[in-house]
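Protein chains in written order, with the UniProt record's numbering: chain A, 1 to 189; chain B, 1 to 189.
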């Protein structure tokens, strides 16, 4: 099957998510994912290096969005304002995919290897954001702290956003967490 | 060699650090570590499950210290004050081991698997600290944010502390980072 398959990447991702949820990540093979998507294993490996990557291939795009929006914040923005601009742009890419995000996270939470991978991606986001802030002329310590705190806000707001009991938009939860961080750091509790 | 070996754990750790620095973590075997320490492989496995654990076995103790001091902060302490109490107690256990901490970190930085392990340990510290804060009656969101920000402060202050160009005590670097976080979160830059 050398022919071009329309939306093969998306079909494979959809099939993989269904199987991971149904049988568990560990129990699912690439052959099964390809079959479920009506494609071949060879096609799978044209888009993903392994079955883990299906869950993380959006991370590069997310990081680019975050970094570009942080770097592109107005020169007059405060440091935390630039961080907020980055987080707002990043969350905008999620907003319409709440149910898919929930499903993906439940797969990751159930597997230690995937949880580790997620931590590495978050650490990589913080490193990239700190670099974007330094490029704006922010001093080392402030850039590192702002980036680490910003990614902590992102992580915590994300957890709240995918909580089925929560209906509010991701962007609002980011804003609330940033405000809460300000109160906490200032000794307000 | 069933007999008791004085300070076997410490001798094995010392031998392992020397070999990891000298030859690299991956190139070092448990047999070599045991030999260098004048002990047997069997004795090694009485103290450590594998050669990676030599670098991380202090993590449990660190977490207990952090959690107990956070929990034990005066009831009148602010939330960030309780976090600071936890960090102060944790850093006190490091203060006299600056050179050993530097050596250990250079081994970890050189190996992706060890860097991942370090991230997992930090995430576990944040989870444990958040739980200690909730036990103090702190609401979920504030507890999570304070804990994640506190561990970010710990991580960043640690990096500065082991920088050979830096001579200031760990406790002072923690204090500076907490102050800087307050300024950053309040939009002070």
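Ideal placement from N, C-alpha and C gives every residue a C-beta, glycine not left out. Bear in mind that the values here come from a model prediction, so they are computed numbers and not experimental data.
{"Check": "Give the single residue among 60/A, 39/A, 57/A, 141/A whose Cα lies nearest to the Cα of residue 176/B.", "Outcome": "141/A"}
{"Check": "What would DSSP say about residue 130/A, mapped onto helix, strand or coil?", "Outcome": "helix"}
{"Check": "Here's a check: name, in chain order, each residue in its chain whose Cβ is nearer than 7 Å to the Cβ of residue 70/B, leaving out the five neighbours to either side.", "Outcome": "82, 83, 85, 86, 129, 132, 133"}
{"Check": "Let me check understanding here. Comparing Cα to Cα, which of 178/A, 118/A, 137/A, 111/A lies closest to residue 20/A?", "Outcome": "111/A"}
{"Check": "What does residue 72/A reach in chain B if we use C-beta pairs closer than 8 Å?", "Outcome": "Under the 8 Å cutoff, chain B gives no residues; its nearest Cβ is about 18 Å from residue 72/A."}
{"Check": "Let me check understanding here. Comparing Cα to Cα, which of 126/B, 72/B, 41/B lies closest to residue 59/B?", "Outcome": "126/B"}
{"Check": "Return the CA-CA distance between residue 31/B and residue 43/A, expressed in angstroms with no decimal places.", "Outcome": "45 Å"}
{"Check": "Going by beta carbon distance, what residues of the same chain come within less than 6 Å of residue 48/B, once the five residues before and after it are set aside?", "Outcome": "54"}
{"Check": "Alpha carbon to alpha carbon, how far is residue 185/A from residue 79/A?", "Outcome": "15 Å"}
{"Check": "Can you say whether residue 165/B is buried or exposed, counting buried as having 16 or more other CB atoms within 10 angstroms of its CB?", "Outcome": "exposed"}
{"Check": "Chain A partners of residue 187/B, CB-CB under 8 Å?", "Outcome": "78, 79, 80, 81, 182"}
{"Check": "How many angstroms separate the CA atom of residue 139/B from the CA atom of residue 67/A?", "Outcome": "31 Å"}
{"Check": "Run down chain B in chain order and give the residues with a C-beta less than 8 Å from the C-beta of residue 177/A.", "Outcome": "141, 145"}
{"Check": "If you check the beta carbons only, do residue 152/B and residue 90/A fall under 8 Å apart?", "Outcome": "no"}
{"Check": "If we ignore side chains and look at the alpha-carbon of each, how far apart do residue 174/B and residue 178/A end up?", "Outcome": "21 Å"}
{"Check": "What does residue 114/B reach in chain A if we use C-beta pairs closer than 9 Å?", "Outcome": "The contacting residues do not exist; residue 114/B stays about 12 Å from chain A at best."}
{"Check": "Let me know the secondary structure DSSP gives residue 161/A once reduced to three states.", "Outcome": "helix"}
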